[in-house]
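Numbering (our numbering), first residue to last: 1235 to 1506.
Structure (structure tokens):
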């Protein structure tokens, strides 16, 4: 992201989860929620794009991650904590963060004016497949404990799912702020195998929903289309030349997609 904000510095918030905020108090709110093994810092370049355009931007460290490494919570409890931090506004969640934001939108629809999910899965309907996924998450935790955090993070980012994602030294150092205990707790409490399916409840969402995925991420492209079709007011968009972590591979394209979506609601938009 080339543009930098001239509004203020990131400031630390007090609350149930570690969070930082940028922008002018009282401006329309946008809360960004990261994926597994990342931290809130992963959203900062896109967050800065919106802060300079008149939004109050909050980035959150999820339970078990970053400066929330000691927090233990399932997605239901995570949604409670996000509601206390973000308040009323637009919520943007990637992968694990997207699943947390879906829980939030169902539990607190009065707070979520617009919802953006990127590479997010509302859950696994089949109980047998869900149990299989939970076993896979258990094995993943065991692997992490066996080889240590740094090697695990390298293996994690090298998966075909991420399409050859190349992390900068700063991004890798930021991920090393995580801990094996914290990430393990996230897998056990908030992994896809641990959560119930939200698919039957998506029709309850009463806000505009944008479902994004990287165009090279075939699995989550199909899921994003299904999400958009399932909600009453849903839109679907693919980010070209990006895989699962599209916000890291193509941040400008993701920011533009979110900006166009937010601008479509004139009463909340402050975009230029």
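Using N, Cα and C, we set each Cβ at its ideal position, and we do this for glycine too.
Let's see if you can read the secondary structure: which residues bound the beta strand (DSSP E) around residue i?
{"i": "residue 1291", "result": "1290-1294"}
{"i": "residue 1243", "result": "Premise fails: residue 1243 is in no beta strand (DSSP E) and is neither H nor E."}
{"i": "residue 1442", "result": "1442-1448"}
{"i": "residue 1472", "result": "1468-1473"}
{"i": "residue 1498", "result": "Taken as a continuous stretch (DSSP letters only), residue 1498 belongs to no beta strand (DSSP E), as it is neither H nor E."}
{"i": "residue 1348", "result": "1346-1352"}
{"i": "residue 1263", "result": "1263-1267"}
Taking the alpha helix (DSSP H) that residue i falls in, what are its first and last residues?
{"i": "residue 1252", "result": "No alpha helix (DSSP H) holds residue 1252; DSSP gives it neither H nor E."}
{"i": "residue 1283", "result": "1278-1285"}
{"i": "residue 1438", "result": "Run containing residue 1438: none; DSSP gives neither H nor E here."}
{"i": "residue 1454", "result": "1452-1464"}
Tell me which residues share the same chain as residue i and place their Cβ nearer than 8 angstroms to its Cβ, disregarding the 5 neighbours each side in the sequence.
{"i": "residue 1310", "result": "1337, 1341"}
{"i": "residue 1454", "result": "1353, 1354, 1355, 1447, 1448, 1478"}
{"i": "residue 1505", "result": "Reliability of the predicted coordinates at residue 1505 is poor, the pLDDT of 35 falling under 50, and the value obtained from them is presented with this limitation in mind. Same-chain partners within the cutoff: 1287, 1288, 1493, 1496, 1497."}
{"i": "residue 1481", "result": "1276, 1277, 1280, 1328, 1352, 1488"}
Assuming residue i contacts residue j (C-beta within less than 8 angstroms), just tell me the rounded distance between them.
{"i": "residue 1263", "j": "residue 1359", "result": "Not really, about 33 angstroms apart at Cβ, beyond 8 angstroms."}
{"i": "residue 1465", "j": "residue 1436", "result": "5 angstroms"}
{"i": "residue 1328", "j": "residue 1416", "result": "That pair is no contact at about 18 angstroms."}
{"i": "residue 1246", "j": "residue 1323", "result": "Actually they are not in contact, since the Cβ atoms of residue 1246 and residue 1323 sit about 19 angstroms apart, beyond 8 angstroms."}
{"i": "residue 1476", "j": "residue 1450", "result": "6 angstroms"}
{"i": "residue 1368", "j": "residue 1427", "result": "3 angstroms"}
{"i": "residue 1433", "j": "residue 1357", "result": "6 angstroms"}
{"i": "residue 1325", "j": "residue 1346", "result": "5 angstroms"}
Return the chain-ordered list of same chain residues with a C-beta closer than 6 angstroms to the C-beta of residue i, the five sequence neighbours on each side being excluded.
{"i": "residue 1267", "result": "1294, 1327, 1331, 1334, 1335"}
{"i": "residue 1486", "result": "none"}
{"i": "residue 1307", "result": "1297"}
For residue i, collect the residues of the same chain with a Cβ closer than 7 angstroms to its Cβ; drop the 5 residues on either side in sequence, then sort them by chain order.
{"i": "residue 1458", "result": "1445, 1446, 1447, 1470"}
{"i": "residue 1248", "result": "none"}
{"i": "residue 1484", "result": "1473, 1475, 1476"}
| task | Specify whether the region 1336-1343 and the region 1277-1291 touch according to this definition: at least 3 beta carbon pairs, one from each stretch, less than 8 angstroms apart. | result | Below 8 angstroms, too few C-beta pairs join the region 1336-1343 and the region 1277-1291 to call them touching: fewer than three.
| request: Say whether the region 1377-1385 touches the region 1405-1423, bearing in mind that this needs 3 or more beta-carbon pairs closer than 8 angstroms, one atom from each stretch. | output: With three or more CB-CB distances shorter than 8 angstroms, the region 1377-1385 counts as touching the region 1405-1423.
| query | Whole alpha helix (DSSP H) runs in the region 1371-1419 with 4 or more residues, listed along the chain? | reply | Runs of alpha helix (DSSP H) with 4 or more residues, each lying fully within the region 1371-1419, are found at 1383-1391, 1403-1409, listed in chain order.
| field | contact_flag[the region 1344-1353, the region 1289-1297] where n(CB pairs < 8 angstroms) is 3 or more | value | No, the region 1344-1353 is not in contact with the region 1289-1297.
| Do the region 1294-1308 and the region 1404-1419 touch if we need at least three Cβ pairs shorter than 8 angstroms? | With a cut-off of 8 angstroms on Cβ pairs, the region 1294-1308 is in contact with the region 1404-1419, counting three or more such pairs.
| task | Run through the region 1296-1372 for me and flag every whole alpha helix (DSSP H) of 4 or more residues, listed as ranges in chain order. | result | Entirely contained in the region 1296-1372, the alpha helix (DSSP H) runs reaching 4 residues are, in chain order, 1309-1320, 1330-1341.
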